[in-house]
Each structure stands twice: as C-alpha cells, then as structure tokens.
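2 protein chains.
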Amino acid sequence: MAWNFDDNRPIYSQLVEILETKIVSGEYQPGAKLPSVRELAITAAVNPNTMQRAFSELEREGLVNTNRTSGRTVTEDPNMLRQVRSQLARGHVDYFFKKMKELGYTNQEITSLANEAASKEDNQ
Amino acid sequence: MAWNFDDNRPIYSQLVEILETKIVSGEYQPGAKLPSVRELAITAAVNPNTMQRAFSELEREGLVNTNRTSGRTVTEDPNMLRQVRSQLARGHVDYFFKKMKELGYTNQEITSLANEAASKEDNQ
DNA sequence: ATTATTGTATTAGTAGCTTAATACAGTAAT
DNA sequence: ATTACTGTATTAAGCTACTAATACAATAAT
C-alpha cells in the first residue's frame with residue numbers, strides 16, 4: 071500500500087487511515103515493532119510532527135502500544151484487529167451505498183455494478 | 071439531499087460534489103433556473119464567496135450555464151448529464167473496491183457484503 | 001560511561017480555506 | 001426612470017494544517 075495523499079484532506083488524517091489499514095490487513099503484524107516516527111516520516115515524505123500526530127490517534131484507539139524509549143508495537147489483541155477491520159469495511163459499504171443512492175441508483179443497479187466490477191478485475 | 075459537511079475537506083469542494091449530484095440525479099431539472107449564489111449560500115449556511123467558488127467549477131465543467139444578470143441554469147444536454155452521472159458512479163465503485171482490497175477482502179467477499187447490504191436496506 | 005535512538009514538546013513561519021464587508025456593472029421588474 | 005436582483009471582484013482578518021528547526025528525557029546498545 072502506497073503513501074499517496076490527495077490534496078483535499080489533512081495529511082495527518084490520511085496517515086491515520088493508511089496506518090490503520092496496514093495494521094488490520096496484516097501488513098504490520100500483531101505485536102510487531104513499528105518503524106520510528108522519524109523513519110516513517112521519511113518514508114511517507116511528511117514532517118515528523120505530522121506523523122506523530124497520526125500516531126497519537128492510533129494510540130488513543132488502542133491499535134498500537136507506545137513505549138516511550140523503545141518505540142511502538144502493533145496491538146496483539148486479535149479481537150480488536152478483527153473488530154476495527156470490520157468497522158472500516160462496514161463504513162466503506164455504507165458510504166458506497168449512500169453515494170450511489172444519492173446519484174439515483176437502485177439497490178439492484180448497485181449490486182449489478184458491483185458484481186460486474188468484481189468479475190472484470192483480477193481475481194482475488 | 072442535505073447540506074452536511076465533514077470537517078476534513080474544504081467546503082467548496084464538497085459543495086461541488088453535492089451540486090453535481092443534485093444536477094445529475096435530477097433534483098435540479100435540466101434547463102431549470104438555479105437559486106442565486108446568495109440564496110444558496112444562505113441555504114447551505116456558507117459564505118457567498120465559497121458558493122461562488124463552487125459554481126466556478128461547475129461552470130468550467132459545463133454542467134451549468136451562466137447569464138451574468140439573469141442567473142444560472144442547469145445544462146439541457148442529456149448526454150452530458152448521463153456521462154457525468156456514470157463517471158461519478160464509476161468513481162464510487164472503483165474507490166469502494168480499492169479500499170476493500172486494501173483491507174484484505176476478496177472480490178467474492180466484497181460482492182457478498184454488497185448483496186447483503188442491498189437486501190437489508192429499504193427497497194429501491 | 002558514552003553514544004545513539006526513542007517518543008515528545010515547543011516555537012516560528014508559510015499557505016490555503018473561510019468568513020466578512022463592500023463595491024460594481026448589467027438587466028429584469030416595477 | 002427607479003428599484004431590486006444578478007454574477008463578480010476585492011480587501012482584510014482569523015483559523016487550521018503543515019513544515020522546519022530545535023530541544024529534552026529516557027533507554028537500548030556499545
């Protein structure tokens with residue numbers, strides 16, 4: 071997953087979303103040590119303060135644990151990981167339907183488009 | 071469709087999205103006269119300058135026509151309306167799949183969730 | 001013990017978004 | 001002709017996000 075940002079949203083909140091996704095999808099394994107704030111800031115090409123701000127949010131959610139001098143680790147609680155993953159997915163589904171209905175699409179048309187898109191893309 | 075904004079994106083760009091949706095979904099009919107900038111600014115509870123900025127974008131896209139002293143009208147070109155509607159829908163579908171795959175969902179899981187959501191919501 | 005690395009905090013400057021308050025020119029309505 | 005309404009432009013102020021440049025305390029590594 072790439073570190074691409076769109077200009078229309080604050081970077082720190084996009085960082086939160088990206089880091090959450092990397093964690094719950096397993097790209098960062100449960101219990102694994104995360105790169106340091108400075109290191110990740112370089113990787114993502116953002117200011118360390120901005121990365122720090124994103125991590126404050128992840129810390130608040132409980133997805134990461136912080137040891138002041140030895141760095142951060144991903145939570146090892148599998149229930150939390152599953153739950154956050156489901157929440158994020160649910161949010162995407164709801165948002166998708168909300169937007170499509172605003173455009174005037176019916177449930178049937180929406181699922182047809184989804185099935186069509188799934189069959190056209192690379193499998194898995 | 072309501073005039074609700076989230077804090078994480080510029081209001082003018084959210085206005086563009088809302089106005090586009092109202093137009094291509096038919097809430098604002100083809101050829102119809104639109105409320106004035108000042109009037110819409112009051113309705114949406116934003117500054118007239120912000121609403122003006124949004125309309126500049128719609129004007130640039132060709133979705134509305136501007137008569138300097140008599141106001142704005144929705145385009146009467148049905149092809150343009152259909153095309154923009156499809157573009158917006160396609161964007162939502164693509165974004166939905168992109169985000170779900172980042173979370174580690176397969177095509178099959180994605181379409182299952184979509185079908186499930188469609189059957190649970192109010193029909194149509 | 002010394003060094004390097006960790007998270008964290010602070011201060012300053014820049015840029016963009018939004019609001020506010022006007023103002024102007026053209027036209028429709030009266 | 002006067003009035004009201006149209007889109008449009010300008011200037012100023014306030015706020016937030018972001019970057020930059022440091023600094024400090026705690027700990028791991030040497």
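Going down the list, the protein sequences come from chains A and B.
Using the working numbering, the first residue of the first sequence is number 71, and each one after it goes up by one.
Using the working numbering, the first residue of the second sequence is number 71, and each one after it goes up by one.
Ideal Cβ placement from N, Cα and C applies to all residues, glycine included.
task: Return the Cβ separation of B/Val154 and B/Leu133 in integer angstroms, given the expectation that the two are a contact with Cβ distance under 8 Å.
output: 7 Å
field: Below-8 Å beta-carbon distance, B/Val163 vs any chain A residue
entry: yes
field: C-beta neighbour in chain A for B/Glu127, strict 8 Å
entry: no
Where the segment 151-175 of chain A meets chain B: residues whose CB sits under 7 Å from a CB there: Arg155, Leu158, Ala159, His162, Val163, Phe166, Phe167, Lys169, Met170, Glu172, Leu173, Gly174 and Tyr175
- prompt: Of all the CB atoms in chain A, is at least one closer than 8 Å to the CB of B/Leu133?
  reply: no
Assigned secondary structure, A/Thr143 (DSSP; H/G/I helix, E/B strand, else coil): strand
- prompt: Terminal residues of the continuous alpha helix (DSSP H) containing A/Thr120?
  reply: Pro118 to Glu131
- prompt: Is there a Cβ from chain B that is less than 8 Å from the Cβ of A/Leu183?
  reply: yes
Presumed contact (8 Å Cβ cut-off) between B/Leu151 and B/Thr145, rounded CB distance: 7 Å
- prompt: Cβ of A/Leu173 within 8 Å of Cβ of B/Thr181?
  reply: no
Option in B/Ala184, B/Thr113 and B/Val86 with minimal Cα separation from A/Lys168: B/Ala184
task: Determine, using beta carbons only, whether B/Pro80 comes closer than 8 Å to chain A.
output: yes
- request: Give a yes or no on whether the C-beta atoms belonging to A/Leu158 and A/Ala124 are separated by under 8 Å.
  value: no
- prompt: Does DSSP put A/Asn149 in a helix, a strand or coil?
  reply: helix
- prompt: What whole-angstrom Cβ distance do A/Trp73 and A/Ala102 have, given they're in contact under 8 Å?
  reply: Not really, about 19 Å apart at Cβ, beyond 8 Å.
A/Thr136, DSSP secondary structure in three states: strand
message: I'd like to know whether the C-beta atoms of A/Thr136 and A/Tyr82 end up nearer to each other than 8 Å.
response: no
task: Examine chain A for any beta-carbon lying closer than 8 Å to the beta-carbon of B/Ile93, and answer yes or no.
output: no
B/Tyr82: CB within 7 Å of a non-hydrogen atom of the ligand SAH: Inclusion of the ligand SAH in the displayed structure is not the case, the ligand content being empty and no account of it being possible.
- prompt: Taking the Cβ atom as the reference point for each residue, do A/Ile93 and A/Met71 lie within a distance shorter than 8 Å?
  reply: no
field: A/Tyr175 to B/Ser156 span [Cα, whole Å]
entry: 10 Å
task: Taking A/Ala124 as the query, report the chain B residues whose CB atoms sit under 7 Å from its CB, ordered along the chain.
output: None at all; the shortest Cβ gap to chain B is about 13 Å.
- prompt: What distance in whole Å lies between the Cβ atoms of A/Asn149 and B/Arg79, which are believed to be in contact at a cut-off of 8 Å?
  reply: With a Cβ gap of about 32 Å, B/Arg79 and A/Asn149 do not count as contacting.
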